[in-house]
Every structure is written in C-alpha cells, then in structure tokens.
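Residue numbers (this note's numbering): 3 to 276. For each residue, glycine too, the CB sits at the ideal point set by N, CA and C. As structure tokens, the structure follows; a few thoughts come after it.
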Ligand SMILES: *Cc1c(COP(=O)(O)O)cnc(C)c1O
C-alpha cells in the first residue's frame with residue numbers, strides 16, 4: 003500500500019455520505035453563484051460550512067470536496083473535532099503549517115475558553131465585549147510563546163469580527179434560536195472595533211450578524227451593510243461582512259455579505275438543540 007492509502011481519511015469522500023455531501027454542496031454553491039450574479043457582484047463570497055453536531059469525518063469529506071472553511075459554535079466540540087480532523091487527514095507538516103481547513107468560531111465565547119480557541123481557530127466571528135478582546139489578545143501572546151517553545155512557526159493574527167445585535171425587539175420578546183442573544187448594539191460597533199484594532203495578535207476583520215429570528219432579514223442585512231461601510235471608512239481593512247445562513251443566504255449576498263455561514267443545507271438536519 004502507498005502512504006496515501008494508509009491515511010485514515012483516504013476514501014471517506016467516496017462513500018454514501020460523501021456523495022450526499024457532494025450533492026448538497028453543489029446545490030448550495032449554485033445558489034451562491036446565482037445570487038452573486040443577480041446582485042451584479044464580481045467577487046464571490048466565502049462559503050463557511052457550519053459543521054456543528056456533525057463528526058470530524060464530515061469535515062474530512064468536505065475538505066476533499068474543496069471546502070476550505072468550516073464553522074463551529076462551541077469550543078469543546080470544535081477543539082476535539084479539529085484535533086480529530088488533523089488525525090484523520092494525516093499529520094500536519096512538522097512546522098505546524100497547512101491544516102486541512104480553516105476553523106471559524108461563530109458562537110458565544112466565554113473568556114476562559116480563549117486559550118483553547120486560539121490553538122485551532124483562524125477567526126472569531128462572535129466578538130461581543132471588550133473583556134473578550136483582552137482575553138483573546140492575551141491568549142494569542144501565550145500561544146505564540148507556546149509555539150515558539152514547541153519549535154512551531156508563529157501563527158497568523160486572529161481575525162476578529164464584531165458581532166452586531168440587529169434585533170429591534172427587547173430580549174424577552176425574542177423567540178429562542180440561533181443568535182437570539184449576543185452581539186453589541188449598532189452604536190457600540192465602533193468602540194469595540196477600536197479595541198480589536200489596537201489589540202496585539204488580533205486583526206479587525208469586520209462585522210457579523212444573525213438575522214433576527216422570525217423577522218424579514220432584508221432590513222437587518224441592509225443595516226449591517228451600513229455599519230460595515232461606516233466601519234471601513236475608519237478601518238479600510240475591515241471588509242468582512244459575515245452574514246447569511248441556509249434560510250437567508252440569498253438576501254445576505256444581495257446586501258454584500260463576504261462570508262456565508264451555512265450548516266443545514268450542506269450537512270442536513272442537526273439533532274435539535276437541547
Ligand atoms: C448554526 C449556525 C449557522 C448555520 O445555520 P444553518 O441554518 O444551519 O445554515 C450560522 N451562524 C451561526 C452563528 C450558527 O450558530
């Protein structure tokens with residue numbers, strides 16, 4: 003057997019699940035392409051496939067299908083899955099470079115988990131308070147020391163997005179669901195962005211939002227685009243607009259989203275959140 007055949011991940015993309023993921027991914031990619039054309043955009047948004055609740059084997063299958071970006075919303079699950087993905091995909095290079103996929107952290111994050119997240123995540127989309135900025139920056143400093151001592155090269159700065167709360171309803175009136183809580187008020191975006199921009203080890207990426215559950219996403223995404231335009235007038239590099247999920251990716255693309263976070267329509271239904 004050749005070395006490649008002995009790699010545990012080899013062949014996963016060719017099984018039934020691999021074929022199912024290929025078909026779903028093709029359908030989502032053509033929706034993205036059509037919406038991008040319809041919006042008259044020449045850039046293609048980055049598709050982040052949200053793999054929460056699905057196993058590392060699926061991440062390996064997706065990587066074989068050309069997916070380079072995956073999203074997770076809980077540290078414990080993401081941490082274990084990133085390690086398992088590396089194991090299945092084969093050992094990384096001795097200098098720690100070239101992971102199989104880039105991991106995007108997209109959920110509410112406790113500051114005491116920052117030290118774990120900086121080990122596997124290339125971006126955190128859900129920065130919602132100054133204390134988390136400080137925790138991520140401190141964790142990055144310690145991570146660079148750790149890598150130096152282990153003989154690994156420095157990691158890239160952590161891309162950080164300001165999560166914005168676009169829901170006009172008071173919290174007690176919101177239905178439960180993804181993004182029901184979390185994010186700063188629109189008038190707090192600039193202050194938090196400034197804190198990220200000034201923090202060592204972090205790179206200000208832009209803004210992120212979840213459309214308010216049960217409301218029309220169009221005005222919400224329009225507001226997000228306005229906030230992004232205001233932000234890039236001060237920080238020209240902060241161009242990311244992370245918006246759009248399975249249900250509303252077309253509306254997000256129309257509003258200028260640069261990063262889509264799509265789970266269900268690529269992977270199929272998740273078990274209900276307990
Ligand atoms: C789960 C999740 C998604 C993906 O949602 P789908 O409806 O499954 O596409 C996107 N963004 C966040 C923040 C999530 O938690």
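| Asked | Found |
| --- | --- |
| Any heavy atom of ligand 1 closer than 7 angstroms to the CB of residue 2? | Outside the shown range of the chain (3 to 276) lies residue 2, about which nothing can therefore be said. |
| Is residue 108 near ligand 1 - that is, is its Cβ less than 7 angstroms away from at least one heavy atom of it? | yes |
| Does DSSP classify residue 74 as helix, strand or coil? | strand |
| Counting C-beta neighbours from all protein chains within 10 Å, is the total for residue 214 16 or more, i.e. buried, or is it exposed? | buried |
| Do you know how far the Cα of residue 14 is from the Cα of residue 59? | 7 angstroms |
| When you compare the CB positions of residue 246 and residue 254, do they come within less than 8 angstroms of one another, or not? | yes |
| Cα separation between residue 109 and residue 17? | 31 angstroms |
| Once you ignore the five residues that flank residue 124 on each side, which residues in its own chain have a CB closer than 8 angstroms to its CB? | 104, 105, 106, 158, 160, 161 |
| Can you have a look at residue 175 and say buried or exposed, based on whether 16 or more other CB atoms are within 10 angstroms of its CB? | exposed |
| I'd like the list of long-range same chain contacts for residue 74, defined as Cβ closer than 6 angstroms, with 5 residues on each side in sequence excluded. | 54, 80 |
| Does the distance between the C-beta of residue 264 and the nearest non-hydrogen atom of ligand 1 fall short of 7 angstroms? | yes |
| Taking the DSSP output, what are the residues bridged to residue 1? | With the chain running from 3 to 276 in the structure shown, residue 1 is simply not present. |
| One question on the structure: do residue 139 and residue 232 come within less than 8 angstroms of each other, judged by their Cβ atoms? | no |
| Measuring CA to CA, which of 114, 248, 226, 153 is closest to residue 169? | 226 |
| Is it true that the region 187-203 meets the region 132-146, where meeting means three or more beta-carbon pairs spaced less than 8 angstroms apart? | yes |
| When you compare only the Cα positions, how much space is there between residue 142 and residue 224? | 33 angstroms |
| Is residue 48 helix, strand or coil by DSSP? | strand |
| Put residue 149 into one of helix, strand or coil per three-state DSSP. | helix |
| Below 8 angstroms on the Cβ atoms is my guess for residue 166 versus residue 209; work out the distance and round it to an integer in Å. | 6 angstroms |
| Measuring straight from C-alpha to C-alpha, what distance separates residue 33 and residue 252? | 7 angstroms |
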